[in-house]
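Let me begin by presenting the structure, written as structure tokens, before commenting on it.
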Amino acid sequence: CDENYYKWTQWLFLQLYKKGLAYRKLAPVNWCDSCNTAIANEQVVDGKCERCGTVIERKHMTQWFFKITDYAEELLDCLPDLDWPEKTKLMQKNWIGKSVGGEVDFVLENSDEKITVFTTRADTLFGVSFVVLAPEHRLVDIVTTAENKSAVDAYRKEVAKASDIERQSTAKEKTGVFTGAYCINPINGERVPVWIADYCLATYGTGAVMGVAAHDDRDYVFCKKHNLKIKQVIKPKNGDGALPYTEYGVMVNSGKFDGLTSEKGKLAVVEALEEKGLGRKKINYRLRDWLISRQRYWGAPIPMVYCEKCGMQPVPEEELPILLPTDVEFLPVGESPLKTSPTFGHATCPCCGGPATREMDTMDTFMCSSWYYMRYCDAHNAEKPWDKAKTNYWMAVDQYIGGVEHAILHLMYSRFFTKAMYDFGLIGVEEPFTNLLTQGMVLKDGTKMSKSLGNVVSPEEIIDKYGADTARLFILFAAPPERDLEWNDSAVEGCYRFLNRIWKLVLGIFEAGYQTRELTPADCDLRRAVHQTLKKVTADIADRFNFNTAISSMMELVNAMTAYRDAEGEAANATVLLDAAEKLLIMLSPFAPHIADELWKATGHTDVVYNAAWPAYNEDYLQQAEVEIAVQVNGKLKARVTIPTGLDKAAAEAHVRALPDFTKWLGDKQAAKIIIVPDKLVNIVAK
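Numbering (my numbering), first residue to last: 18 to 704.
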């Protein structure tokens, strides 16, 4: 990023801070000593850093967050209006993870403290077998008895080594330790044991969950393992149902609620708890606030300072940008490299004028990429990040193309950022990207190409052997852009041969010296093939992004041109053949630009092919006098015949009945019915 971009990124951070959407708190992180930075959950694989393989540690540090959760409902509600792939919208919907349910307060035995859990199945409350706290929950130290302290401490230490993703994995066996404490089930007064378990996260919901063994697969296994009670409180509407029974049904063993359906019961139970002051209706979200702090050198420095007298203070806007220092040392000490700078940390408090220290974290690089499209609207503005009139003119982005791997992070953050800027009155649109195309991954042997897996195909090797056009053509031809592409060396070779065919064909046409003549049926057939291809390629590129089918159409055209040239020989019509070659090169140029331009110049053009106007197809040339159709008898193919194009059903039937072979096709049977698909098929039903 240049200085201006850092400046306006930091300015936008301050706008979020002033509106209460940026805050700082102590939070757990996955720390990689080798990379010298905190690692996102999705970058932790089997307890190790995805990038370098170092074992991850769990630490707590003060970090900066954006309150994206304030926009959870809006981000969810606006999804249906976006012209995005349904898969991408579903990924965002699931990531936001809206759950409608209730909060339930379990009061700790012999204490005024209470454990609050969120549940979407309050209808199962009478069957609670145990309550689980996250190992990091503040109550763990309070409720753990002396007899259980050593086991709890050892378990918490072990859990701290795992990432949130590993702890939530459905494939992993769920473990836990009893704290020795009990709480009271507010709906029936039963005594419930309090455990800690790795699958409960302090950062999700309330950091506590209730276990209902009879109606949850995970809880059932947990209770069987630890010999905890299992009480059925929901049964199917017909029958008893084997345990664990996890579907909706009818409440049983639930006092006055017996007989209520789950749908009615879960609402009734929450309302009963509200009357007692021990529960309330609640909407919960899986989405968590956006952690933007990074303990690394790159990224825009966070524009905050800390004064012993005045506390935390934002840097005045006129002092921006805060640039990265150049006097740093990169040492494996487990801290931000910025701390090694002898100059960067010293600042002046904007409030009292006294000495202050700078924030040493830099911003997540997604912060920079979450608003760049707005800067594009007014890239040279030195007075402000953009002029609102210009963003109102250009935004939203009509067509956005990006990898599906950014469906959650980049695209979600961009939507949040745009909505926040709209609420601040800085832009006039609420969504950044109207249409979205997500291209697939490149796979090798069924696995995503990755340096760590050693299955990367070097582009340089392909280019050295086949040229850049071959590599480009293969990638565009091998799969639709939204699908994953399986790398195939033989298919690369096939694209190379295709480009060589075009080279020889086009040069041969221009060197042969063909003459112009009156159009023959063969000439019209080739001209029709050219304009059919032009129509198809134009639509595939402009409307559908179907680059693979566009290339396939050009391959068919090359076959048609070759067959025409071979059949006509020296009598080939120069007007038709030369026109076909020129139009082929223009259509080829977006896919194989180098060879297309070389051939364009080799065939007498002085300008580059990219400046040539894209040709328009002629509907008149697409018409043909005759068409070949299939003739079937009782669904079995008997012949292919040529008939005039455009015949209605009655005329087509009359034409087929008049064919010399009609009676031969029927044999000793009679035509009971004739089914016509105009210009395609005749099926004779014979009896």
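For each residue, glycine too, the CB sits at the ideal point set by N, CA and C.
Just so it is clear, the structure is predicted and the values come from calculations on it, not from any experiment.
{"Query": "Assumed close pair P210, L245 - CB separation to whole angstroms, cut-off 8 Å", "Result": "7 Å"}
{"Query": "CA-to-CA distance, Y581 to R544, given in whole angstroms", "Result": "11 Å"}
{"Query": "Span separating the alpha-carbon of V62 from that of D486", "Result": "37 Å"}
{"Query": "Outcome for I56 when other beta-carbon atoms lying within 10 angstroms are tallied against a minimum of 16", "Result": "buried"}
{"Query": "Inter-residue CB distance, N301 and S116 (contact presumed, cutoff 8 Å)", "Result": "5 Å"}
{"Query": "Member of A406, E90 and F123 whose CA lies at the smallest distance from the CA of L304", "Result": "E90"}
{"Query": "Alpha helix (DSSP H) segment containing A44, residue limits", "Result": "Not the alpha helix (DSSP H): A44 falls in the beta strand (DSSP E), residues A39 to C49."}
{"Query": "Limits of the alpha helix (DSSP H) - the one that I418 falls within", "Result": "Where I418 is concerned, there is no enclosing alpha helix (DSSP H), although the beta strand (DSSP E) it sits in stretches over V414 to G420."}
{"Query": "Assigned exposure category for T88 - 16 Cβ within 10 Å defines buried", "Result": "Correcting the residue type first, residue 88 is Tyr in the shown sequence and not Thr. With 16 or more Cβ atoms within 10 Å of its Cβ, Y88 is classed as buried."}
{"Query": "As assigned by DSSP and simplified to three states, the class of W101", "Result": "coil"}
{"Query": "Nearest to A289 (by Cα), restricted to the options D140, E190 and A399", "Result": "D140"}
{"Query": "Alpha helix (DSSP H) runs wholly inside the segment 230 to 308, at least 4 long, in chain order", "Result": "234 to 243 and 279 to 293"}
{"Query": "Same chain, Cβ closer than 7 Å to L574, five either side skipped, listed in chain order", "Result": "A546, V547, T550 and L601"}
{"Query": "Unbroken beta strand (DSSP E) run spanning L460, endpoints", "Result": "V459 to K461"}
{"Query": "Cβ shell of T71 (< 8 Å), same chain only, five flanking positions each side left out", "Result": "C49, D50, S51, C52 and K65"}
{"Query": "6 Å Cβ shell around C240 - same chain, five flanking residues per side excluded", "Result": "S146, A230 and I247"}
{"Query": "P367, DSSP secondary structure in three states", "Result": "coil"}
{"Query": "Collapsed DSSP secondary structure at Y410 in the structure displayed", "Result": "helix"}
{"Query": "Outcome for V332 when other beta-carbon atoms lying within 10 angstroms are tallied against a minimum of 16", "Result": "buried"}
{"Query": "Reduced DSSP category for D215 - H, G, I as helix; E, B as strand; rest coil", "Result": "coil"}
{"Query": "Rounded distance between the beta-carbons of L99 and K110, thought under 8 Å", "Result": "K110 to L99, Cβ: 11 Å. No contact."}
{"Query": "Beta-carbon proximity of T196 to V169, cut-off 8 Å", "Result": "yes"}
{"Query": "Short Cβ contact (8 Å threshold) for M227 with V148", "Result": "yes"}
{"Query": "With 16 other Cβ atoms within 10 Å as the buried cut-off, status of A633", "Result": "exposed"}
{"Query": "Backbone CA spacing between F562 and R489 [nearest angstrom]", "Result": "15 Å"}
{"Query": "6 Å CB neighbourhood of F433 in its chain, flanking five on each side removed", "Result": "I85 and Y88"}
{"Query": "Extent of the continuous alpha helix (DSSP H) run through F1", "Result": "In the structure as shown, the chain begins at 18 and stops at 704. Residue 1 is therefore absent and cannot be evaluated."}
{"Query": "Whole-angstrom distance between K106 and L93, CA atom to CA atom", "Result": "9 Å"}
{"Query": "Start and end residues, beta strand (DSSP E) containing W617", "Result": "Note, W617: premise wrong, no beta strand (DSSP E); alpha helix (DSSP H) at P610 to A619."}
{"Query": "For A597 and M578, the rounded distance between their alpha carbons", "Result": "8 Å"}
{"Query": "Reduced DSSP category for E587 - H, G, I as helix; E, B as strand; rest coil", "Result": "helix"}
{"Query": "Contact check, N21 vs A613, beta carbons under 8 Å", "Result": "no"}
{"Query": "Residues that P661 bridges to, as DSSP identifies them", "Result": "E643"}
{"Query": "K704 in three-state terms, based on DSSP", "Result": "coil"}
{"Query": "contact_flag[the segment 273 to 284, the segment 334 to 347] where n(CB pairs < 8 Å) is 3 or more", "Result": "no"}
{"Query": "Cβ contact (3+ pairs, closer than 8 Å) linking the segment 312 to 323 and the segment 366 to 379", "Result": "yes"}
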